[in-house]
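Residue numbering for the sequence shown follows this note's numbering, starting at 24 and increasing by one per position. Beneath this line is the structure, given in structure tokens, with notes to follow.
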Amino acid sequence: MEVSPPSANGVLKPRNAGASHPSSRQAPSYLAPKPPATPAGGLLFLTASLAAYNAAENFCPDKPREVLAMNGHTYRHVRCAKQGEAIILEIATPELHGDLIENELREDLLTAWRDGAGRHVVIDFGQVRYLTSAVLRALIALQRLVKGAGGHALICNVASEAVHRVLTTTRMITSSGSAQSLFEFAADVPAALAWLQNRPAASNPPADAVSH
């Protein structure tokens, strides 16, 4: 494998590590701190202080952000917030592949769900450009936990066509609402939260809240 010279922090990276996958896009982050703005809607952040978040980001700019949660768990791949009964989990790692990331992501997702003490979960894929089917095991584990607690699990903000293709092919989500899927599918975080607040008897969000 061809590698580039060591970066400023001494980490060797493949020469093509920064290359985007075909049909890959990212959406604006809903949860990333933007000082000095205050998160809308009274979001209660489960992560540590903003200062700790920025310190971690500045310390390892070439790695996934590592933010200490209030219980001491280090979230390696997600940002976490809570609004009402919903835990919002924004996946912050652009490329998800391999057993190591799958295990770390599973730990992040399940820890955030348990510590957040919510009923529902909204998973924001806006920052994800690429993932493999192996990583879906972490999502399935979370969905089963949420369903077992009587809650709803939603995926939203899928900006990458490549990611959308994997999620629909594996029936994690469905755009049409005509087929069964493990997760509900909404256009973005506000649409997902609105659906949870006024959820109808039907199993899928209304058409105007669904991303096609």
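Glycine included, each C-beta is placed from N, C-alpha and C at the ideal position. Fair warning: this is a prediction, and the values are worked out from it, not measured in the lab.
Considering only their Cβ atoms, is the gap separating Ala161 from Arg142 smaller than 8 angstroms?
no
Between Leu154 and Leu119, is the Cβ-Cβ spacing less than 8 angstroms?
yes
Does DSSP put Glu80 in a helix, in a strand, or in coil?
Note on Glu80: pLDDT 41, under 50, position unreliable in the model; no value is reported.
DSSP puts Ala176 in a beta bridge; with which residues?
Val144
Considering only residues of the same chain and omitting the five flanking positions on each side of Ala157, which have a CB-CB separation below 8 angstroms?
His120, Gly121, Asp122, Glu125
What does Val101 pair with, by DSSP beta-bridge criteria?
Ile114
Which residues mark the beginning and the end of the beta strand (DSSP E) in which Glu207 is found?
207-209
Could you tell me how far apart the beta carbons of Ala135 and Leu112 are, in whole angstroms, since I believe they sit closer than 8 angstroms?
Yes, Ala135 and Leu112 are in contact; Cβ-Cβ is about 6 angstroms, under 8 angstroms.
What residues are listed by DSSP as bridge partners for Leu165?
DSSP, once it has assigned bridges, lists no residue as partnering Leu165.
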